[in-house]
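Numbering (the numbering used here), first residue to last: 2 to 116.
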Amino acid sequence: MADNKTTLDKLKKYPLASDLDDDEYLQQLIDDSWTTVQADHIKPVKQEEANRMLALSQLNVDALVANGGVQSASHLGESQTMFDWSDGDPYMNRYKDLVDQFGRSRHRGRAFSRD
2 MADNKTTLDK LKKYPLASDL DDDEYLQQLI DDSWTTVQAD HIKPVKQEEA
52 NRMLALSQLN VDALVANGGV QSASHLGESQ TMFDWSDGDP YMNRYKDLVD
102 QFGRSRHRGR AFSRD
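Rendered as structure tokens:
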């Protein structure tokens with residue numbers, strides 16, 4: 002399978018990654034999500050986008066965990082806003098759409114026919 006991984010430059014165009022100085026961490030997210038993209042047999046035309054969406058999803062989760070699940074806060078007013086997962090992670094939702102349209106999810110079986 003051709004190597005259609007996303008790149009650090011493409012990932013860093015997103016606000017979640019643009020302020021991070023740890024390129025090794027970002028590259029590890031890219032590499033780890035690439036394994037999943039391959040396992041889901043995403044067609045080459047959508048592999049880079051799928052890789053990027055999955056890396057951003059993990060980055061999103063990591064950022065929320067680092068902040069204790071708080072999306073916004075104020076100091077003296079003592080207000081916090083907890084992250085609402087009811088609509089799901091938009092990056093993961095896009096990845097799932099790509100798997101449905103251009104891949105073969107490991108969660109669904111495959112059908113074979115013989116002539």
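Just so you know, even glycine gets a beta-carbon here, dropped at the ideal spot from N, CA and C. Being a predicted model, the structure only gives us computed values, none of them experimental.
Requested in this report: Alpha carbon to alpha carbon, how far is K47 from R105? Give it in angstroms, no decimals.
Outcome: Their Cα atoms are separated by approximately 13 Å.
Query raised in the report: Going by Cα to Cα distance, which pick from T37, K14, A18 and D24 is closest to Y96?
Result: Checking every option, the nearest Cα to that of Y96 belongs to T37.
Query raised in the report: With a Cβ-Cβ cutoff of 8 Å, do K11 and S19 count as a contact?
Result: At a Cβ-Cβ threshold of 8 Å, K11 and S19 do not count as neighbours.
Requested in this report: Can you tell me which of the three DSSP states N94 falls into?
Outcome: N94 sits in a helix when the DSSP states are folded into three classes.
Requested in this report: Along the alpha helix (DSSP H) that carries E25, what are the first and last residues, could you check?
Outcome: In the DSSP annotation of this structure, the continuous segment of the alpha helix (DSSP H) that includes E25 starts and ends at D24 to A40.
Requested in this report: Could you say which of V62, L30, L17 and D41 lies nearest to D98 if we only look at CA atoms?
Outcome: Nearest option by C-alpha distance: D41.
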